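A.B. asks: Take this structure first; my questions come after.
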Amino acid sequence: MPMLIKVRYFASLREKVGRSGDSIEAAQIMTVQDVWQALNQDVPLPDNVLVAINMDYAALDAKVRDGDEVAFFPPVTGGWR
Amino acid sequence: MPMLIKVRYFASLREKVGRSGDSIEAAQIMTVQDVWQALNQDVPLPDNVLVAINMDYAALDAKVRDGDEVAFFPPVTGGWR
Amino acid sequence: MSIKICSEDFDPFQAIQDHQQAKSAMVGKYGATSIFIGTMRDFNNDRSVQGMTLEYYPGMTERQLEEIVRHAQQQWCLIETLVVHRVGDISPNTPIVLVAVWSVHRGDAFDACRDIMEALKSRAPFWKKERLLSQQSHWVESNSDGYS
Amino acid sequence: MSIKICSEDFDPFQAIQDHQQAKSAMVGKYGATSIFIGTMRDFNNDRSVQGMTLEYYPGMTERQLEEIVRHAQQQWCLIETLVVHRVGDISPNTPIVLVAVWSVHRGDAFDACRDIMEALKSRAPFWKKERLLSQQSHWVESNSDGYS
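Those protein sequence lines, which keep their order, are chains A, B, C and D.
Residues 955 to 1035, numbered by the working numbering, are exactly what the first sequence covers, in order.
Residues 955 to 1035, numbered by the working numbering, are exactly what the second sequence covers, in order.
Residues -5 to 142, numbered by the working numbering, are exactly what the third sequence covers, in order.
Residues -5 to 142, numbered by the working numbering, are exactly what the fourth sequence covers, in order.
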């Protein structure tokens, strides 16, 4: 039974990949990094990228589960100094 | 020519001496401590007293000049914690 | 604790007063209120900034702000905390972020307010895109450190 | 810089907004506002406090507050500073002191606001007499340290 993973991109990363989100069906266990590579073969994952699984910060090698929402975004920047 | 010194007391010290101020004519050079002793012979100067000359903090052995305003008061306490 | 994300301009002083009125149990209990307001300036690194857009991650941003405030509540003795953050298109001289902390003693309010601001700056998912007078716009890539 | 001694109740939020309006050159220049409000509580060391009287030294108090703010201005990069302090008979749940600091970066505003509060607490000539529910009143003899 394939797993369904929802993917979201924010800010400059959203503009870079040209989409705000994706869906991916995974036949085997994937890490966050695997998800990126499957969806963005021609865009290398930026060094300083941040990742969240289900709205909590996660590591690039964290495993993704069925129904998870995975988000990729650049370092956060508030609106003031 | 005698010097005229104005003296003020605040808060608990004002209540202790029973006056809010004094005037004293000094024939010779006096320190802040001399001024207190001349005016309050029966009240020992409290250990933690603060002193100002002309509204600037001063030491007990600071010399007082003609026309000076000398103030004695307890440690300061703001209205909040 | 109250966490608000606003897509319209907000009045930080009204927000504080509304919060104090809503939480009537606070009356007479707090001695210290420490407040920080971050406001959009009209200059930045010598280039004239016309405005900016603040993107966020609905759901995650609120969750992270709650986590930050909860962490502060565990570290200091706080009575109430209010965080309001603006998102979307923002004009210069407009409030962007408000943090208000009420406590009995001033040390707790000062420390917690600052800690929340620093944590918010590094962990809350907001991304800033500046629009310059030249009509160019660009994503701002890093924050300055408030302690330096 | 603006230093005010009030013998009547004041609204800290109105005072801040009035100051921002009066100093129109500030508009768009500040990114950070750090505010502290000290409020009279209705309890203190487990004895019910009915009210208090804050005595001051007219002339010297203002001069010491100016000195404290001037010292902060030399240490940090500040745009504006407002200090308002209540004196006289004060009821519970009433603002006693307001310190508001405007700067470009938040570190300066945070540090200066706190420094001013700590200096004010130890050097500005105010003396507090508490009135208890028992109708007794007494001079408070020492301050707590905000850092502890």
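Think of the CB as a built atom: it goes at the ideal place given N, C-alpha and C, for glycine as much as any other residue.
Owing to the predicted nature of the structure, the values given are computational and were not obtained by experimental measurement.
Could you spell out the range, first to last residue, of the alpha helix (DSSP H) harbouring MET111/C?
C.D. replies: Counted from its first residue, the third sequence places residue 111/C at position 117. That run of the alpha helix (DSSP H) goes 100 to 117.
A.B. asks: Within the chosen definition, does the segment 1009 to 1024 of chain A reach the segment 978 to 991 of chain B through at least 3 CB pairs nearer than 8 Å?
C.D. replies: no
A.B. asks: Would you say PRO119/D lies against chain B (beta-carbon separation less than 8 Å)?
C.D. replies: The residue given as residue 119/D occupies position 125 in the fourth sequence. Cβ-Cβ to chain B under 8 Å: yes for PRO119/D.
A.B. asks: Please return the same chain residues whose Cβ sits closer than 6 Å to the Cβ of ASP1015/A, not counting the five positions on each side in sequence.
C.D. replies: Position 61 of the first sequence, counted from the first residue, corresponds to residue 1015/A. The answer, listed in chain order, is THR985.
A.B. asks: For a test of the three-state rule: what should DSSP assign to ASP1010/A, helix, strand or coil?
C.D. replies: Taking the first sequence and counting its residues from 1, the one referred to as residue 1010/A is at position 56. DSSP places ASP1010/A in strand when its eight states are reduced to three.
A.B. asks: Given this structure, state the Cα-to-Cα distance separating PHE120/C from ILE110/C, to the nearest angstrom.
C.D. replies: The count along the third sequence starts at 1 and reaches residue 120/C at position 126. The count along the third sequence starts at 1 and reaches residue 110/C at position 116. C-alpha separation (whole angstroms): 15 Å.
A.B. asks: Under a three-way DSSP split, which group does VAL21/D fall into?
C.D. replies: Counting from one through the fourth sequence, the residue named residue 21/D turns up at place 27. In the structure shown, the three-state DSSP call for VAL21/D is coil.
A.B. asks: Using a Cβ-Cβ cut-off of 8 Å, state whether SER136/C counts as contacting chain A.
C.D. replies: Your numbering for residue 136/C matches position 142 in the third sequence. The C-beta of SER136/C comes closer than 8 Å to at least one C-beta of chain A.
A.B. asks: Let me check understanding here. Comparing Cα to Cα, which of ARG108/C, SER(-4)/C, ILE84/C and PHE104/C lies closest to THR33/C?
C.D. replies: Translated into the one-based positions of the third sequence, residue 33/C becomes position 39. It is ILE84/C whose Cα lies nearest to the Cα of THR33/C.
A.B. asks: CB-CB under 6 Å to SER142/C, same chain, minus the five flanking residues each way: which ones, in chain order?
C.D. replies: The sequence position of residue 142/C within the third sequence is 148, counting from 1. Residue placement at SER142/C is flagged as unreliable, the pLDDT there being 30, under the threshold of 50; a coordinate-derived value is accordingly withheld.
A.B. asks: Mark GLN14/D as exposed unless 16 or more other C-beta atoms lie within 10 angstroms of its C-beta, in which case mark it buried.
C.D. replies: Position 20 of the fourth sequence, counted from the start, is the residue given in the question as residue 14/D. Buried: at least 16 other Cβ atoms inside 10 Å.
A.B. asks: Please state the DSSP three-state secondary structure of PHE964/B.
C.D. replies: Your numbering for residue 964/B matches position 10 in the second sequence. Of the three classes helix, strand and coil, the one that applies to PHE964/B here is coil, per DSSP.
A.B. asks: Output, in chain order, the set of chain C residues within a Cβ distance shorter than 9 Å of ALA156/D.
C.D. replies: The structure shown has nothing for residue 156/D, since chain D only spans -5 to 142.
A.B. asks: List the endpoints of the continuous beta strand (DSSP E) containing ALA26/D.
C.D. replies: Against the fourth sequence, residue 26/D aligns to sequence position 32. First-last of the beta strand (DSSP E) with ALA26/D: 26 to 33.
A.B. asks: Taking the beta strand (DSSP E) that GLU56/D falls in, what are its first and last residues?
C.D. replies: By 1-based counting over the fourth sequence, the position of residue 56/D is 62. Careful: GLU56/D lies outside any beta strand (DSSP E), inside the alpha helix (DSSP H) at 54 to 69.
A.B. asks: So SER966/A contacts chain C; which residues on that side make the cut at Cβ distance below 7 Å?
C.D. replies: On the first sequence, residue 966/A is found 12 positions in, with the first residue counted as 1. Neighbours of SER966/A on chain C, chain order: TRP133.
A.B. asks: Compare the C-beta of MET957/A against all C-beta atoms of chain C and say whether one is closer than 8 Å.
C.D. replies: The residue given as residue 957/A occupies position 3 in the first sequence. Closer than 8 Å: no.
A.B. asks: Could you check what DSSP says for GLN11/C in three-state terms: helix, strand or coil?
C.D. replies: Along the third sequence, one-based indexing puts residue 11/C at 17. Secondary structure at GLN11/C: helix, using DSSP grouped into helix, strand and coil.
A.B. asks: Could you list which residues in chain D have their beta carbon closer than 8 Å to that of GLN11/C, in chain order?
C.D. replies: For this step, residue 11/C is matched to residue 17 along the third sequence. The contacting residues are PHE7.
A.B. asks: Output the boundary residues of the beta strand (DSSP E) element that contains ALA980/B.
C.D. replies: Within the second sequence, numbered from 1, the residue matching residue 980/B stands at position 26. Segment 975 to 980, the beta strand (DSSP E) holding ALA980/B.
A.B. asks: So, at 6 Å on beta carbons, what are the nonlocal neighbours of PRO89/D in its own chain, with the 5 sequence-adjacent residues on each side left out?
C.D. replies: Position 95 of the fourth sequence, counted from the first residue, corresponds to residue 89/D. Taking PRO89/D as the centre and dropping the five residues before and after it, the same chain places the C-beta of PRO6, ILE31 and THR33 closer than 6 Å to its C-beta, in chain order.
A.B. asks: What does the alpha-carbon distance come out to for the pair HIS65/C and CYS107/C?
C.D. replies: On the third sequence, position 71 is the one that residue 65/C refers to. On the third sequence, position 113 is the one that residue 107/C refers to. Rounded to the nearest angstrom, the two C-alpha atoms are 12 Å apart.
A.B. asks: State yes or no: is the beta carbon of ILE110/C nearer than 8 Å to at least one beta carbon in chain D?
C.D. replies: Start at 1 with the first residue of the third sequence, and residue 110/C comes out as number 116. No, its Cβ sits nowhere closer than 8 Å to a Cβ of chain D.
A.B. asks: Find the nearest neighbour of GLN67/D within the set ARG117/D, ASP102/D, PRO52/D and GLN44/D, judged by alpha-carbon distance.
C.D. replies: Counting from one through the fourth sequence, the residue named residue 67/D turns up at place 73. Nearest C-alpha to GLN67/D: ASP102/D.
A.B. asks: Determine the DSSP secondary structure at PRO1029/B, reduced to helix, strand or coil.
C.D. replies: Working through the second sequence from its first residue, we reach residue 1029/B at position 75. Note: PRO1029/B maps to coil in three-state DSSP.
A.B. asks: Which residue comes first and which comes last in the beta strand (DSSP E) that contains VAL77/C?
C.D. replies: Taking the third sequence and counting its residues from 1, the one referred to as residue 77/C is at position 83. Run containing VAL77/C: 74 to 80, per the beta strand (DSSP E) assignment.
A.B. asks: In three-state DSSP terms, what is GLU969/A?
C.D. replies: By 1-based counting over the first sequence, the position of residue 969/A is 15. If DSSP states are grouped into helix, strand and coil, GLU969/A belongs with the helices.
A.B. asks: Report the three-state DSSP secondary structure of GLN995/B (helix, strand or coil).
C.D. replies: For the purposes of this step, residue 995/B is taken as residue 41 along the second sequence, with counting starting at 1. Looking at GLN995/B - three-state DSSP - the assignment turns out to be coil, as it is neither helix nor strand.
A.B. asks: Which residue's Cα is closest to the Cα of ARG1019/B: ASP996/B, VAL1003/B and VAL989/B?
C.D. replies: The residue you call residue 1019/B lines up with position 65 of the second sequence. When each option's Cα is compared against that of ARG1019/B, the closest is VAL989/B.
A.B. asks: Which residues, taken in chain order from the segment 38 to 63 of chain C, show a beta carbon closer than 7 Å to some beta carbon of chain A?
C.D. replies: Within the segment 38 to 63 of chain C, the residues whose Cβ lies closer than 7 Å to some Cβ of chain A are MET46, LEU48, GLU49, TYR51, GLY53, MET54 and ARG57, listed in chain order.
A.B. asks: 8 Å is my cut-off, CB to CB: does SER28/C come that close to chain A?
C.D. replies: Along the third sequence, read from residue 1 onward, the residue named residue 28/C stands at position 34. Closer than 8 Å: no.
A.B. asks: Which stretch, first to last residue, makes up the beta strand (DSSP E) that contains PRO1000/A?
C.D. replies: Here residue 1000/A refers to the residue found at position 46 of the first sequence. That residue, PRO1000/A, is in no beta strand (DSSP E); it is neither H nor E in DSSP.
A.B. asks: Could you please give the first and the last residue of the uninterrupted beta strand (DSSP E) stretch that includes VAL93/D?
C.D. replies: Within the fourth sequence, the letter at position 99 stands for residue 93/D. From DSSP, the beta strand (DSSP E) with VAL93/D extends over 89 to 97.
A.B. asks: What whole-angstrom Cβ distance do ARG117/C and GLN58/C have, given they're in contact under 8 Å?
C.D. replies: What you label residue 117/C is simply residue 123 of the third sequence in a count that begins at 1. What you label residue 58/C is simply residue 64 of the third sequence in a count that begins at 1. Correct: roughly 6 Å between the Cβ atoms.
A.B. asks: Label MET(-5)/C either buried or exposed according to how many other C-beta atoms from any shown protein chain fall within 10 Å of its C-beta, with 16 as the threshold for buried.
C.D. replies: Here residue -5/C refers to the residue found at position 1 of the third sequence. So MET(-5)/C counts as exposed.
A.B. asks: Residue range of the beta strand (DSSP E) that SER(-4)/C falls in?
C.D. replies: For the purposes of this step, residue -4/C is taken as residue 2 along the third sequence, with counting starting at 1. Its beta strand (DSSP E) spans residues -4 to 0.
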